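S.K.: Pasting in a structure now, in structure tokens, and then I'll have a few things to ask.
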Amino acid sequence: MKKQYIAGNWKMNLTLDEARDIARKLCDGIADAETVDIGVFPPFVYLKDVCDILSDSKVFVGAQNMNMEQHGAFTGEVSGGMLKDIGCTHVIIGHSERRTIYKETDSEINSKLKAALLNDLQPILCVGESQDERDADKTREVVEKQLSGGLLDLKPEQVEGLTIAYEPVWAIGTGKTATPEQANEVHAFIRNTLRSKYGDDTAQSIRIQYGGSVNAGNAKELLGQPEIDGALVGGASLDPNSFLDIVSKAASFS
Ligand code: PGA
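Under this note's numbering, read the sequence shown as residues -10 to 243, first letter to last.
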């Protein structure tokens, strides 16, 4: 069994005091960090504070997005080197909110992924279909395109140990979760796609998280599926008790 990986995406939420408070509670409450990888992804402006609080813990800290360039005249943007400089080790790339609201393309996501790797940041690449795409039976086609585009030109050794989050867009923040069987089926498809591109060993080294309305109540069933290696948690990660509860559910499968 792979070590499960539970990541909390705080999105554009919390005050600085609240962010610090959650970080401290995680620092005190994490007993399962040996068996589960745990990461939090605060808003950019809270990253340094959260990195400082969690620096002696085993909890990873990452950004929710980054720019593909190293530096220069890109007003309002943040580079991978800057994230690394303040102590971040991880980054989310291609979240569906970036794809849909900010129109990020697979090609931009691919450039960001390469920039993350260049800066020694460990990325979570997000993929997932919309409700309309699922209704039109296009889930596999969409996920396959996002994977091929996102991973374009990456060598097997760069893909080794990567994390992919399967997040059906219709399940994000809606309270509508994919059934464990529905999620597992897409995860198996993703694993097979990776296997045919990079071989079995590399495909097995990649953790595939499920994301979309994961909470303490449904985590056990989802994480118990053979192809689900963790979760990317939005809303429920804002409550440290719920998040810790999800982590402890994951510990039983690591
Ligand atoms: P949610 O968000 O858990 O609030 O549905 C998940 C995500 O967007 O990563």
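Here a beta-carbon is modelled for each residue, glycine too, at the ideal position from N, C-alpha and C. Just so it is clear, the structure is predicted and the values come from calculations on it, not from any experiment.
1) Only counting runs of 3 or more residues, tell me where the beta strand (DSSP E) segments fall wholly within the stretch 19 to 54, in order along the chain.
2) Do A225 and the ligand PGA come close, with the Cβ less than 7 angstroms from some heavy atom?
3) Give me the residue from L221, D6, A225 and V39 with the minimum Cα distance to L114.
4) Comparing the CB of N54 with every heavy atom of the ligand PGA, is any distance shorter than 7 angstroms?
5) For a quick check, are the C-beta atoms of G70 and H60 less than 8 angstroms apart?
6) Mind reading off the beta-carbon distance from T24 to K(-8)? Whole number of angstroms is fine, and I expect it under 8 angstroms.
7) Taking only the alpha-carbon atoms, compute the straight-line gap between V80 and D74 and give it to the nearest angstrom.
8) According to DSSP, is L114 helix, strand or coil?
9) Would you call the stretch 133 to 142 and the stretch 164 to 177 touching, i.e. three or more CB-CB distances under 8 angstroms?
10) Buried or exposed: I90, going by 16 or more other Cβ atoms within 10 Å of its Cβ?
11) Entirely within the stretch 110 to 154 and at least 3 residues each: give me those beta strand (DSSP E) ranges in chain order.
12) What separation, rounded to the nearest whole angstrom, lies between the Cα atoms of D6 and R13?
13) Measuring only from the beta carbon, is G201 closer than 7 angstroms to any heavy atom that is part of the ligand PGA?
14) Should V48 be labelled buried (16 or more other beta-carbon atoms within 10 Å of its own) or exposed?
15) Measuring only from the beta carbon, is A212 closer than 7 angstroms to any heavy atom that is part of the ligand PGA?
16) Is the stretch 176 to 194 close to the stretch 232 to 240, with three or more CB pairs under 8 angstroms?
M.R.: Reading off the structure:
1) 25 to 30 and 49 to 52
2) yes
3) L221
4) no
5) yes
6) 7 angstroms
7) 13 angstroms
8) strand
9) no
10) exposed
11) 111 to 116
12) 11 angstroms
13) yes
14) buried
15) Position check: residue 212 holds Leu in this sequence, whereas Ala was assumed. No; taking the cut-off as 7 angstroms, the Cβ of L212 has no heavy atom of the ligand PGA nearer than that.
16) no
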